[in-house]
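Asker: When we follow the UniProt record's numbering, the leftmost residue of the sequence shown carries the number 1, and every step to the right adds one. Quick reminder that beta carbons are idealized off the backbone N, C-alpha and C, glycines included. Encoded as structure tokens, here's the structure I'll be asking about.
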Amino acid sequence: MGQTRFATGRQLDLICLGRLGVDLYAQQVGARLEDVSSFAKYLGGSSANIAFGTARLGLRSAMLSRVGDDHMGRFLLESLAREGC
């Protein structure tokens, strides 16, 4: 995936460094994994959760990580961008 560049002079309160991941949660509560038919996806990874949460609290947060050039990578980048990270 290409490099992302920040705007010159962007002021940040927090920069998080670490793993980005996608957490998948079964939509059928209490079902065995073999019986689950659909999942919800969420941004995951400890440092990503910190960047996401602090941005929601009003801090100017950013996340430094690497993602794949695929549907999961796009989901992660779009999730962070929606929150201003």
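Output the distance between the C-alpha atoms of residue 76 and residue 31, rounded to the nearest integer angstrom.
Answerer: Translated into the one-based positions of the sequence shown, residue 76 becomes position 76. Translated into the one-based positions of the sequence shown, residue 31 becomes position 31. Roughly 27 Å between the two C-alpha positions.
Asker: What did DSSP end up calling residue 33 once you bin it into helix, strand or coil?
Answerer: For the purposes of this step, residue 33 is taken as the residue at position 33 of the sequence shown. Residue state, collapsed to three classes: helix.
Asker: Within the chosen definition, does the stretch 53-67 reach the stretch 7-16 through at least 3 CB pairs nearer than 8 Å?
Answerer: Using a C-beta cut-off of 8 Å, the stretch 53-67 makes contact with the stretch 7-16, since at least three inter-stretch Cβ pairs fall below that distance.
Asker: Could you compute how far the alpha carbon of residue 23 sits from the alpha carbon of residue 9?
Answerer: Here the question's residue 23 lines up with position 23 in the sequence shown. Here the question's residue 9 lines up with position 9 in the sequence shown. Distance between the alpha carbons of residue 23 and residue 9 is about 33 Å.
Asker: With H, G and I counted as helix, E and B as strand and the rest as coil, what does DSSP make of residue 46?
Answerer: Indexing the sequence shown from 1 puts residue 46 at position 46. Correct three-state label for residue 46: helix.
Asker: Can you round the beta-carbon distance between residue 84 and residue 45 to whole angstroms, since I take them to be within the 8 Å contact cut?
Answerer: As a working mapping, residue 84 is identified with position 84 in the sequence shown. As a working mapping, residue 45 is identified with position 45 in the sequence shown. Their Cβ separation, rounded to whole angstroms, is 18 Å, which puts residue 84 and residue 45 out of contact at 8 Å.
Asker: Quick check: what's the CA-CA separation for residue 49 versus residue 72?
Answerer: In the sequence shown, counting from the first residue as 1, residue 49 sits at position 49. In the sequence shown, counting from the first residue as 1, residue 72 sits at position 72. Using only the alpha carbons, I get a separation of about 16 Å.
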